[in-house]
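One structure is given here, and the rest of the page talks about it.
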Amino acid sequence: MASTGVENLVFIDGIMNHMVYLDIFHNNLKESAKNFGLDGNFIFKHDNDFKHTASNVKMWCLLHCKQQLHTTTTVFRHQCHRKSVGTLKTAVQKHKIRNKAHLKRVLQAEWGKIFSDTTKKLVESVPRHLEEIIKTKGHATKY
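Numbering-wise, our numbering puts 59 at position 44 of the sequence shown, and it's gapless, one number per residue.
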């Protein structure tokens, strides 16, 4: 997510593991950054989820992500994720979903409608979230 919008939406059949996560990087991270006009000038944020800490993922990030933000807590990630998914869920509920393929089409269409004013607010809240994480020494926050 960037202040200018949302990244590519990726659908996963099956269980997400470090190899699937790495495949998403290969196919989407640079393209999303380019679409945002960031072209390598971004901070990649992840936490201690096992997918993020696998040695092959760490190595890929070291080679391809100039700036990384490591945190020990998932609170921040969940907050941004919850708000963007909440926006998407509200939009999808307006449709009468007939099957999995229809759901996928609706999700893709509605994901593309999440405007930059929504993501800008989330991105602008990052400093407050980080200050709270520092205050609580990585434990639960009020956000």
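Beta carbons: idealized from backbone N, C-alpha and C, even for Gly.
Contact under 7 Å by Cβ, residue i with residue j
i: H41; j: V72; result: no
i: L24; j: Q108; result: no
i: K66; j: Y36; result: yes
Secondary structure of residue i, DSSP reduced to three states
i: K60; result: strand
i: Q83; result: strand
i: Q108; result: coil
i: I148; result: helix
i: N114; result: coil
i: I129; result: coil
i: I184; result: Within the shown structure, residues of the chain are numbered from 16 to 158, placing residue 184 beyond reach of any answer.
i: L44; result: helix
i: N23; result: coil
i: A69; result: coil
i: L53; result: coil
i: G101; result: helix
i: M31; result: coil
Burial state of residue i (16 or more Cβ within 10 Å)
i: L137; result: buried
i: F51; result: buried
i: H161; result: Since the first residue of the chain shown is 16 and the last is 158, residue 161 is not available in this structure.
i: S47; result: buried
i: H79; result: exposed
i: I30; result: exposed
i: I149; result: exposed
i: T68; result: exposed
i: E125; result: buried
i: T102; result: buried
Contact belief for residue i with residue j at Cβ below 8 Å, rounded distance in angstroms
i: Q83; j: I112; result: So it is not a contact: roughly 37 Å between Cβ atoms.
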